Structures are given as C-alpha cells and as structure tokens.
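According to my numbering, the sequence shown is numbered sequentially starting from 27. This report refers to the structure that appears directly beneath it.
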Amino acid sequence: MGDLDPSAPVAASQPRPRRIGVLGGTFDPVHIGHLRGGLEVAESLGLDELRLTPSARPPHRETPQVSAHDRLAMVECAVAGVAPLVVDARELQRDKPSYTIDTLELMRAELAAQDQVFLLLGWDAFCGLPTWHRWEELLQHCHILVLQRPDADSEPPDALRNLLAARSVSDPLALKGPSGQIAFVWQTPLAVSATQIRQLLASGKSVRFLVPDAVLAYIDAHGLYRASN
Numbered sequence: 027m028g029d030l031d032p033s034a035p036v037a038a039s040q041p042r043p044r045r046i047g048v049l050g051g052t053f054d055p056v057h058i059g060h061l062r063g064g065l066e067v068a069e070s071l072g073l074d075e076l077r078l079t080p081s082a083r084p085p086h087r088e089t090p091q092v093s094a095h096d097r098l099a100m101v102e103c104a105v106a107g108v109a110p111l112v113v114d115a116r117e118l119q120r121d122k123p124s125y126t127i128d129t130l131e132l133m134r135a136e137l138a139a140q141d142q143v144f145l146l147l148g149w150d151a152f153c154g155l156p157t158w159h160r161w162e163e164l165l166q167h168c169h170i171l172v173l174q175r176p177d178a179d180s181e182p183p184d185a186l187r188n189l190l191a192a193r194s195v196s197d198p199l200a201l202k203g204p205s206g207q208i209a210f211v212w213q214t215p216l217a218v219s220a221t222q223i224r225q226l227l228a229s230g231k232s233v234r235f236l237v238p239d240a241v242l243a244y245i246d247a248h249g250l251y252r253a254s255n
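Put into structure tokens, the structure is as follows:
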C-alpha cells in the first residue's frame with residue numbers, strides 16, 4: 027500500500043513570470059525606427075509583449091501635431107498582426123499629463139508580483155531622466171533598457187552616474203527579478219525621426235519605406251501632416 031493521501035492537494039507548478047516591455051512616445055507618427063528597434067529588443071529578450079504606449083500630453087515634448095485619436099490609430103495600424111507588439115492606450119484615457127511613473131504603477135497593479143517589466147528608453151530620454159516626475163521611483167516598478175545606438179557618444183549627467191554604478195547589468199539577459207536594474211541594448215542604427223517625416227510630408231514629398239504601408243495609407247486617407255495642417 028502506498029502512503030500517498032489521494033485527497034491531499036497537489037502543489038501547482040509556479041507559472042513562468044511574464045516579460046512585458048513598455049515603449050512610450052508621442053508616435054507623431056510611428057515609424058520604422060520605433061518598430062524595428064522595439065521588435066529587435068522583444069526578440070532578443072524573449073518578451074511576451076512589447077506595449078507601444080502613445081502619450082497624450084507628454085510633459086517633456088511639444089504638443090503632438092495630430093490628435094491622440096489619429097496617433098493611436100496609426101500605431102494600431104503599424105502593429106496589427108506583428109506579435110509580440112501590442113498597443114496600450116491607457117495614457118490617452120487619462121485627462122492629465124502622461125507621467126511614466128503613473129503608467130508603470132497602473133501596469134504593475136494588473137500583473138503578478140514576479141512578472142518582469144522593461145521600460146525601453148532611447149539614450150537621450152535616459153539622459154533626461156532626472157527631469158522626470160518621480161524619476162527615482164521608476165526602478166521600483168521596472169527594469170530600464172537603454173536603447174544605445176552606436177552614434178550616441180554623450181556622457182550621462184552626474185545624477186545618473188551613481189545610479190548606473192549601483193544598478194547597471196552588462197548583459198540584458200541577466201536582469202533578475204521584476205524590477206530594479208538597468209541594461210544597455212545596442213540597436214541597429216536607423217536614422218529616421220518623426221520630425222523628418224513630418225517635414226517631408228509638409229513639403230509634399232514621399233515617406234514611403236520610412237513608415238509601414240498601413241500607416242502611410244492612414245496618413246494619406248486623412249490628409250495628416252500636409253502643409254494645410
């Protein structure tokens with residue numbers, strides 16, 4: 027006779043922590059630099075989702091040229107059918123400035139405690155962190171992945187040097203736990219900017235191959251960024 031009690035509960039195996047990336051921006055408009063860079067990170071780190079999160083009223087940027095509705099629609103066009111890229115529209119549903127710390131707190135409340143969250147920041151945005159609202163609390167809710175392009179040769183501000191010394195990890199795949207560390211991820215350099223795209227469109231020139239075809243079709247259908255706008 028065995029000693030196992032058939033009525034005893036069976037220990038459930040722990041689910042694997044989810045790996046969620048967050049890429050914010052005005053996406054005015056979303057372009058191949060955002061998408062290719064995000065997809066490279068998602069694949070190299072094995073992310074379950076990379077959430078493109080359009081900002082409504084970015085505190086550090088000029089007011090977007092087109093409406094939140096149009097910017098959201100373009101991002102939805104861009105990521106349709108491209109796993110693991112998804113759209114997270116929560117910042118557009120808040121009637122106040124788009125503070126990243128608020129977004130991360132809301133996301134964290136929806137996730138399991140052990141799930142990993144990775145905030146993707148370009149080098150310039152990372153260097154500007156000390157001007158962000160409650161920036162010193164960000165690492166309580168996420169890891170930070172700095173998208174470092176080979177041509178980014180500026181030094182981080184003094185306020186970040188101690189943080190980097192204490193929290194940086196050389197290998198992004200070695201980031202442990204749900205939050206708290208910083209790693210650098212090298213990017214394929216794509217010299218594309220939303221400013222450049224808006225200028226080309228305003229002057230009547232083509233932006234084919236700088237944005238996905240579906241985004242270009244949306245821009246054309248709605249007459250966005252033209253000189254009359």
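From the three backbone atoms N, C-alpha and C, an ideal C-beta is built for every residue, glycine too. Computed from a predicted model, the values in this text were never measured in an experiment.
Residue i - containing alpha helix (DSSP H), residue span
i           : result
residue 149 : 149-153
residue 105 : 94-105
Boundaries of the beta strand (DSSP E) in which residue i is found, first to last residue
i           : result
residue 203 : Premise fails: residue 203 is in no beta strand (DSSP E) and is neither H nor E.
Integer Cβ distance of residue i from residue j, believed to fall under 8 Å
i           : j           : result
residue 252 : residue 228 : 7 Å
residue 259 : residue 43  : There is no way to answer for residue 259, as the model of the chain reaches only from 27 to 255.
residue 115 : residue 240 : The Cβ separation is near 18 Å, so there is no contact.
residue 47  : residue 65  : Actually they do not touch by this definition, with Cβ atoms about 10 Å apart.
residue 112 : residue 77  : 6 Å
residue 171 : residue 67  : 6 Å
residue 95  : residue 218 : With a Cβ gap of about 24 Å, residue 95 and residue 218 do not count as contacting.
residue 190 : residue 156 : So it is not a contact: roughly 12 Å between Cβ atoms.
Residue i, buried or exposed, once every other Cβ within 10 Å from all chains shown has been counted against 16
i           : result
residue 235 : exposed
residue 45  : buried
residue 117 : buried
residue 27  : Bear in mind that the predicted position of residue 27 carries a pLDDT of just 46, short of 50, making it too unreliable to give a figure here.
residue 199 : exposed
residue 196 : exposed
residue 41  : exposed
Bridge partners - residue i, DSSP secondary structure assignment
i           : result
residue 46  : 75, 143
residue 174 : 212
residue 111 : 76
residue 194 : 208
residue 237 : 234
Min CB distance residue i to chain C below 8 Å
i           : result
residue 109 : The displayed structure is made up of one protein chain only, and chain C is not part of it.
Handout entry: contact_flag[the segment 150-167, the segment 111-131] where n(CB pairs < 8 Å) is 3 or more
Key = Output reads yes: the segment 111-131 touches the segment 150-167.
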